[in-house]
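In this note's numbering, the protein residues as written are -15 to 745.
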Ligand code: ZN
Ligand code: ZN
Ligand code: FE
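See the structure below:
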């Protein structure tokens, strides 16, 4: 018999709270090894003793971890074998040490739990808090590391004997499942009426289901916050929800029981199906079928795509189960189900998502007709994530707080983002931890949520940042908070130019350390020269950047107001084109004042913003004169172009000027001449893509660089991104886009952090 060996194995990554230790235990006992496994602050520590071949085999098997686990690093070292060790392999208590282990994101209910949930003979039949080591809440119920029950919002629920047995049995799916619970010992649902008074509801699911089918709007507590929910097929209910939420046109997300139920309404590709069904269960933007908007009015008015998601909590499944007449088993989930539910974040007036019962009562009375809550507290606010097939619009539930790997390690940075769609980012070594989507800092509640997010992230990761980063803009609440933290903690505060940060975010996730060109197409951000930037061609080299060019500036009559009123930009273009007389003719008497502002240059700053270029194009075509939400005009323009199909670019509708400026005014002039909307929208996209690629080609020749990073909110436009990528790849460019963080301002903090890490102080 070969001599015994003993090996110490250290594993880093997402290995706590995911059933990793029982997995190790099973592998070790199957191979007759002795030793132990335990969690510590850095991950998992194993010592295993046995024959060399059994140990090799064990190491091999460790590399296929359980569903929610992810191994980032595995190191092995030899130990002196212990000749006396004959006792079986054991799972031992958590070790100490500084905490660097990661908290796992929340995960949708797994197939095993779903089968039990719908099995009338199971002791957890229809129990909405069923979970196991492969699924359930994590980040949103965790107050601190290590991830053990006393550090979660399950702390107050003592396990009953049956649950305790599962919890202690290494062979059980619920071994050390911290949120383990059952109807005897766990949390329960409650129903409150329209003024948030408790109602003796009997069966809460049955009552909620009945109310929804009657057209009521319910506030339902989910994993990371409350949703406002109504029957998406009931257009009166949808209209009432819009009215009460004061949300005129912004699209609503919809939940369906399964993918087959979606096929009548939207197109679902293979990659999209995988995303929809993934344990992260994001909202996926799917192309609407031609009749969908007419048959389901009010969900995503005027847009090409509709946001859809599948159920992810047991409670969601139970609502569909109830509507289907409580069939036993899971076979019914293979069939299309008619029920569609609007599931929109309960964040009245653009304020943060509601997470607590008392808060729901305070903020949602008057909006909801009833409340479905429960006694398992949400400790971290976390919105639903929103993605297209490959790009994040919002990164939150299911992904937070999973780290994004940086090209190299550096000082710890806390970056506070910008103003719109804010997130914060905290780094340690070569990891960047992005907070969930926080929102726009235009109200006091969201500013408070920003501080809470910083505190929660710092607390669960136990990172004391060595540097603070923020936007260059002096008046953002995030910048003021950055200055305060820097002063309190006596660390440097680094202000980062907005578009530099957009490009750096893309460079960071792709590990680009060499000089690259950056094309930032965005709303607006403060430029290094004090101007309002947003359509920038940059050369980025780590912590430095150079502005090689920008879009020809557009005057913004009325400043920020012009962003909500695209017609003002159309007026500005006509003025620049020497056709000021057309302004009144097209936009009526209200335009006189704007015309005077343009002529006298009063309150009319100029901007190179690409977002405003889209607004101008939309208004010149008559697509949209004023917007209900940011990006609406551009999204409708894109929807029209999608509907039209491919178009030939107008090769002479732009100028590449010697000073690096890309002038698209000839294209705007053409759009203003009474072109049909869909044709104009399609040609606008095609010509813009061609012009941008010609612009980059020229900068590529001068600089010798053939790698380009695309950043900024305009790259949520799929048509533009796809067409530009095609042009660039044909001419030999390597194109990098935002994949792990949103290209919009939701990814800004990542870029800020990566720049601040690289600055030499
Ligand atoms: Zn499960
Ligand atoms: Zn129990
Ligand atoms: Fe931006």
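Glycine residues also receive a C-beta, built at the ideal position from the N, C-alpha and C atoms.
From 697, 520 and 390, pick the residue whose C-alpha is nearest to that of residue 738; which is it? 390
Is residue 482 near ligand 3, judged by its Cβ being under 8 Å from some heavy atom? yes
Please give me, in chain order, every unbroken run of the beta strand (DSSP E) with length at least 3 that falls completely inside the stretch 374 to 446. 376 to 378, 388 to 394, 397 to 399 and 409 to 418
Nearest-angstrom Cα separation, counted from residue 277 out to residue 3: 44 Å
Could you pull the DSSP bridge partners for residue 224 from this structure? Residue 224 is not bridged to any residue.
Let me confirm a value: residue 595 is counted as buried when at least 16 other C-beta atoms fall within 10 Å, else exposed. Which label applies? buried
Nearer than 8 Å: is that true of the beta carbon of residue 778 relative to any heavy atom of ligand 1? Any property of residue 778 remains undetermined from this structure, which presents the chain solely from -15 to 745.
Could you name the residues of the same chain whose beta carbon sits closer than 8 Å to that of residue 690, not counting the 5 residues immediately before and after it, in chain order? 684, 716, 717 and 718
Name, in chain order, the residues that DSSP records as bridge partners for residue 30. -7 and 21
Per DSSP, residue 214 forms a beta bridge with which residues? 326
When 204, 452, 241 and 198 are compared against residue 220, the one with the closest alpha-carbon: 198
Identify whether residue 496 lies in helix, strand or coil by the three-state DSSP scheme. coil
Assign residue 155 to one of two classes, buried (16 or more other C-beta atoms within 10 Å of its C-beta) or exposed (fewer than that). exposed
To the nearest angstrom, how far is it from the Cα of residue 29 to the Cα of residue 287? 51 Å
Runs of 4 residues minimum, wholly inside the stretch 550 to 621: which ones carry the alpha helix (DSSP H) assignment? 550 to 560, 564 to 571, 575 to 584 and 594 to 604
With a Cβ-Cβ cutoff of 9 Å, do residue 417 and residue 445 count as a contact? yes
Quick check on residue 741: does DSSP put it in helix, strand or coil? helix
Assign residue 388 to one of two classes, buried (16 or more other C-beta atoms within 10 Å of its C-beta) or exposed (fewer than that). buried
What are the start and end residues of the beta strand (DSSP E) that includes residue 479? 477 to 480
Output the boundary residues of the beta strand (DSSP E) element that contains residue 517. 516 to 525
Three or more C-beta pairs closer than 8 Å, one from the stretch 653 to 666 and one from the stretch 601 to 617: is that the case here? yes
Go ahead and pull the three-state DSSP assignment for residue 139. coil
How would you write the range of the beta strand (DSSP E) that residue 174 sits in, first residue to last? 173 to 176
Buried or exposed for residue 745, going by 16 or more other Cβ atoms inside 10 Å? exposed
Rounding to the nearest angstrom, what Cα-Cα distance links residue 573 and residue 565 in this structure? 12 Å
In terms of residue numbering, what span does the beta strand (DSSP E) encompassing residue 203 cover? 202 to 205
Proximity winner among 162, 88 and 95, relative to residue 139 (alpha-carbon distances): 162
Given a threshold of 16 other Cβ atoms within 10 Å of its Cβ, counted over all protein chains shown, does residue 728 qualify as buried or as exposed? buried
Extent of the continuous alpha helix (DSSP H) run through residue 663: 661 to 687
Helix, strand or coil: which one does DSSP assign to residue 295? coil
Hey, out of 21, 88 and 586, whose CA is closest to residue 73's CA? 21
Just to be sure I understand the criterion: a residue counts if its Cβ is closer than 5 Å to at least one heavy atom of ligand 2. Which residues meet that? 144, 147, 166, 168 and 169
Would you check if there are 3 or more beta carbon pairs closer than 8 Å linking the stretch 441 to 457 to the stretch 402 to 410? yes
In three-state terms, what does DSSP make of residue 369? coil
Could you give the DSSP three-state label for residue 41: helix, strand or coil? helix
Contact test: residue 746 Cβ vs ligand 3 heavy atom, cutoff 8 Å: Summary: the structure shown does not reach residue 746, with the chain confined to residues -15 through 745, and so no result is reported for it.
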